[in-house]
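The opening residue of the sequence shown carries number 15 in this note's numbering; numbering runs sequentially from there.
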Amino acid sequence: MNLSIRWKVALGTLLALSLGLAVAGILAFRSIERLELLRAEEALAARTGLIAFTLEPLLARSTDRPRLQVMARELGRQASARVTVIDHAGTVLADSDVADDAVSRIDNHGMRPEVRQAFAAGRGTDARLSDTTGRRTVYLALRVNPPGSAHPSIVRLGLPLTLLEQRVHDLQGTLAIAFGVAFIVSVTVSFLIARGLTRPLQDMAAVARQLAGGALGQRVQIRSGDEVGVLAATLNQMADQMDRDITALRRLEQVRKDFVANVSHELRTPLTSIKGYVEALLDGAKDNPEEATRFLQIILKQSDRLNLILEDLLQLSQIESGMVRFKRDPVHLHALVERLLPLIKPLADKKRQSLTVAIPPDLPPVSGDEDRLVQVLTNLLDNAIKYTPEGGTIGIAVGLAALPAGDPAQVELSVTDTGIGIPEADRPRVFERFYRVDKARSREMGGTGLGLSIVRHIVEGHAGKIWVEGVQPTGSRFVLRLPIAESEGLSSQRKSESL
15 MNLSIRWKVA LGTLLALSLG LAVAGILAFR SIERLELLRA EEALAARTGL
65 IAFTLEPLLA RSTDRPRLQV MARELGRQAS ARVTVIDHAG TVLADSDVAD
115 DAVSRIDNHG MRPEVRQAFA AGRGTDARLS DTTGRRTVYL ALRVNPPGSA
165 HPSIVRLGLP LTLLEQRVHD LQGTLAIAFG VAFIVSVTVS FLIARGLTRP
215 LQDMAAVARQ LAGGALGQRV QIRSGDEVGV LAATLNQMAD QMDRDITALR
265 RLEQVRKDFV ANVSHELRTP LTSIKGYVEA LLDGAKDNPE EATRFLQIIL
315 KQSDRLNLIL EDLLQLSQIE SGMVRFKRDP VHLHALVERL LPLIKPLADK
365 KRQSLTVAIP PDLPPVSGDE DRLVQVLTNL LDNAIKYTPE GGTIGIAVGL
415 AALPAGDPAQ VELSVTDTGI GIPEADRPRV FERFYRVDKA RSREMGGTGL
465 GLSIVRHIVE GHAGKIWVEG VQPTGSRFVL RLPIAESEGL SSQRKSESL
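Below you can see the structure in the form of structure tokens.
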């Protein structure tokens, strides 16, 4: 039979409590019985001592047995107990519960346990079924040394256990009722404990089923800090991770679909153009030298564009797969900018754009691959020039990044333009492959749509980060941060702390 965990916990708890109650009940019953027997023995001891004191003069005259029997019967009646007088040989001299003429026929009592104890130690006790009366009796015997007698005698009192057993039975009945109530309470407590322990598990099972069904927003309510609470928190963490992973997988799938669609589109455009102009040449345009030359120039341009797309795709694939290993050399950014300015300034001058540079002379070098960093800065400056109208301004600024105290020092480089700007909604996506804010205009500018994606991977490969900000009234600012060279980083950090 398959029991639920709630029933298993409840029955297990109930069994443990029941065993505990049973053991406690048995011990309590025995303790009560021993206590009542001890009380009876103490009461008998007081009575026996008094009766022994009363009979002691008669015991000195051992020939006066009739008188001794009369006294034993009277004292037994007063004490509500059986009084037995035994001589040193174990012969019963008098017994209050036996007829006068039958006393002489009573078995020798010298071997009775309480009698032997009394002869040896002065006092003896025992509880057993009486051979004479046939009733369960508790006995207490005292040794008496009558004056003038050479041998001791024994005065023994016997108290039937009927009253004692009735009293014990009454107490045990009361105790049984108490244990019955305790058992009922135990049953209730067992099921309450079981419910309290299993409810979180049932909740977790329900949430796990919902998660398996795709409801990734479900979470378990954490009610405690014990192992069950830790399990619930772990399940919630797993659900959070699953949610993030599935969201990432969906995003990756969407990126893959977009990538395939974009690659197809980006490759189709130049291929279609090339095919169209080749067909035009075959249809007779080749016979017109001027037109043929123009068509061939277009074909060459589209071929170059196609080659550029494929080169960027290959480069991006190599970077993403980890095939490209970046160097970790000290690179001075002011020298890198000075190296690029002669190449960039003519492009800016063509559009009458002003180019500003702000780099402090004592800037520490960054740790990186100089050629790759040149590629990053070239792409950012090329984009700034392309998307900034004539007469605009492009600024390059480098400095130590403002970071919280204790963070490793970094250098911040920014490229700012007064161009058309990037809408806020598009800024997080500009580093995606083939993502274009203005697709038509971007193609007119000659871009492949992969430059910023390559830039992002290079920066992240240098343990840095890059982002884009808006500039008022129009324009954009691309900001990247790179860790400074290790030896320089320690000195720069100490310098900033001293300031």
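Cβ coordinates follow ideal geometry from the N, Cα and C atoms, glycine included.
- With fewer than 16 other Cβ atoms from the protein chains shown falling within 10 Å of its own Cβ, residue 321 counts as exposed.
- The residue among 111, 483, 82 with its C-alpha nearest the C-alpha of residue 94 is 111.
- In this structure, the alpha-carbon of residue 92 lies about 14 Å from that of residue 69.
- In the three-state scheme derived from DSSP, where H, G and I count as helix and E and B as strand, residue 32 is classed as helix.
- Note that the C-beta distance between residue 99 and residue 169 is below 9 Å.
- Scanning 54, 450, 304, 409 for the CA closest to the CA of residue 490 turns up 409.
- Excluding its 5 nearest sequence neighbours in each direction, residue 449 has C-beta neighbours in its own chain below 6 Å: 443, listed in chain order.
- In the three-state scheme derived from DSSP, where H, G and I count as helix and E and B as strand, residue 167 is classed as strand.
- Of the other Cβ atoms in all chains shown, 16 or more fall within 10 Å of the Cβ of residue 472; this residue is therefore buried.
- Collapsing the DSSP output to three states places residue 149 in coil.
- Residue 45 is classed as exposed because its beta carbon has fewer than 16 other beta carbons within 10 Å across all chains shown.
- In this structure the segment 282–302 does not lie against the segment 239–257, because fewer than three pairs of beta carbons, one per stretch, are closer than 8 Å.
- Under the DSSP assignment, residue 142 falls in the beta strand (DSSP E) whose first and last residues are 137–143.
- Residue nearest to residue 345 within the set 89, 145, 499 is 499 (criterion: CA-CA distance).
- Annotation: residue 179 to residue 48 spans about 11 Å, alpha carbon to alpha carbon.
- Spanning the alpha carbons of residue 303 and residue 285 requires a straight line of approximately 23 Å.
- With a contact defined as Cβ atoms closer than 8 Å, residue 122 and residue 105 qualify at about 6 Å.
- The three-state secondary structure of residue 492, taken from DSSP, is strand.
- About 7 Å separates the beta carbons of residue 343 and residue 384, which is inside the 8 Å limit, making them a contact pair.
- The beta-carbon separation of residue 395 and residue 354, rounded to 7 Å, stays under the 8 Å limit for a contact.
- The residue among 231, 427, 42 with its C-alpha nearest the C-alpha of residue 348 is 427.
- The C-beta of residue 85 has 16 or more other C-beta atoms within 10 Å across all chains shown, which makes the residue buried.
- Put simply, the backbone Cα of residue 278 is about 43 Å away from that of residue 422.
- Leaving aside the five residues that flank residue 243 on each side, the residues in its chain whose CB is nearer than 7 Å to its CB run, in chain order, 236, 237.
- Per the DSSP secondary-structure output, residue 370 pairs in a beta bridge with 409.
- In this structure, residue 107 lies near residue 83, with their beta-carbon atoms less than 9 Å apart.
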